[in-house]
Amino acid sequence: MYLKPLEKLIKLRNANSTDEFWKGVFSRVPGQTVVLLIDFKGESQPTLNMLKKQLEPLRKLDYLTYWNGTTRVLRPLTIVASGKAKLSDIMTLDSSHRDIFFDAPLISLHSDVEDDFTMDPPTYKFNISNSYYASGELKDGVMARINNDESSIASQDASNGQLGQAQDRGLVSRYWGSAGPKYQTTEQIMWGFLIQVGMGILNMDDMSAVRDRTRGMGKLTIQE
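Take the sequence shown: its position 98, counting from 1, is numbered 93 in this note's numbering, and each next residue is one higher.
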């Protein structure tokens, strides 16, 4: 449903572009990748295999953001697997060209077992090699950080707010479940606060309402 139209649009936008200077679908921010968030409804591995096959035309055109073994290479389209997708299945993809990323759980990014805080810098279970978003429901949001400069690095990470944890791991924080239209004033205040504290993405349904209520809250920025 989405892949062919996106392929045609990206081709049109890049008719006269080079690989180094590609253009995304947004004319005002041409360097912005488009994130296609795939909500897995069935079993993770079979769904991932099917998705990988369907992405092959876009892969051959080099339109997909990928991890090359050492760094993430940004392209016009970034694929993120959510829903019933499993990180363990994402990790089975080619580690030198992984172009499907995981939607990490924002409420449980920290792990005393699978994060290694003895390294400098620390290494994390969820990181830019395997994940893109770190998502959670807004009602479960934890923004504040408990300042304790004398605590261990692991303790500092555990007490960090969710947005800080996501940023430390190189991930884009994403919340869903905003207040809704009948809470317009409260919602506007909340949106302004989230922008100030560095939230990455907030899911929206009514784009006209978003445009009207967020005037003056900030500028367009590129999410990498």
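Where is the CB? At the ideal position from N, CA and C, for every residue including glycine.
I need the boundaries of the beta strand (DSSP E) containing residue i, first residue and last residue.
{"i": "residue 169", "result": "167 to 171"}
{"i": "residue 77", "result": "72 to 78"}
Assign residue i to one of three DSSP states: helix, strand, or coil.
{"i": "residue 41", "result": "helix"}
{"i": "residue 62", "result": "strand"}
{"i": "residue 67", "result": "strand"}
{"i": "residue 50", "result": "coil"}
{"i": "residue 197", "result": "strand"}
{"i": "residue 185", "result": "helix"}
{"i": "residue 57", "result": "coil"}
Following the continuous alpha helix (DSSP H) through residue i, name the residue where it begins and the one where it ends.
{"i": "residue 34", "result": "Here residue 34 belongs to no alpha helix (DSSP H); instead the beta strand (DSSP E) covers 29 to 35."}
{"i": "residue -2", "result": "-2 to 8"}
{"i": "residue 12", "result": "Careful: residue 12 lies outside any alpha helix (DSSP H) and carries neither H nor E."}
{"i": "residue 83", "result": "82 to 85"}
Measuring only the C-alpha atoms, how far is residue i from residue j?
{"i": "residue 100", "j": "residue 80", "result": "11 Å"}
{"i": "residue 0", "j": "residue 20", "result": "11 Å"}
{"i": "residue 130", "j": "residue 9", "result": "31 Å"}
{"i": "residue 82", "j": "residue 192", "result": "28 Å"}
{"i": "residue 46", "j": "residue 146", "result": "44 Å"}
{"i": "residue 59", "j": "residue 53", "result": "7 Å"}
{"i": "residue 24", "j": "residue 4", "result": "15 Å"}
{"i": "residue 106", "j": "residue 7", "result": "44 Å"}
{"i": "residue 228", "j": "residue 35", "result": "In the structure as shown, the chain begins at -4 and stops at 219. Residue 228 is therefore absent and cannot be evaluated."}
{"i": "residue 87", "j": "residue 156", "result": "30 Å"}
{"i": "residue 122", "j": "residue 48", "result": "24 Å"}
{"i": "residue 120", "j": "residue 104", "result": "8 Å"}
{"i": "residue 51", "j": "residue 73", "result": "14 Å"}
{"i": "residue 170", "j": "residue 96", "result": "17 Å"}
{"i": "residue 196", "j": "residue 168", "result": "6 Å"}
{"i": "residue -3", "j": "residue 173", "result": "26 Å"}
{"i": "residue 125", "j": "residue 183", "result": "33 Å"}
{"i": "residue 187", "j": "residue 198", "result": "14 Å"}
{"i": "residue 136", "j": "residue 57", "result": "36 Å"}
{"i": "residue 27", "j": "residue 71", "result": "7 Å"}
{"i": "residue 33", "j": "residue 128", "result": "12 Å"}
{"i": "residue 161", "j": "residue 67", "result": "16 Å"}
{"i": "residue 44", "j": "residue 55", "result": "17 Å"}
{"i": "residue 194", "j": "residue 159", "result": "9 Å"}
{"i": "residue 109", "j": "residue 65", "result": "20 Å"}
Closer than 8 Å to a non-hydrogen atom of the ligand ADP - does that hold for the CB of residue i?
{"i": "residue 94", "result": "This structure does not include the ligand ADP; it has no bound ligands of any sort."}
Exercise. Taking only runs of the alpha helix (DSSP H) that begin and end inside the region 88 to 170, which ones reach a length of at least 4 residues, in chain order?
Worked result: 148 to 154 and 157 to 163
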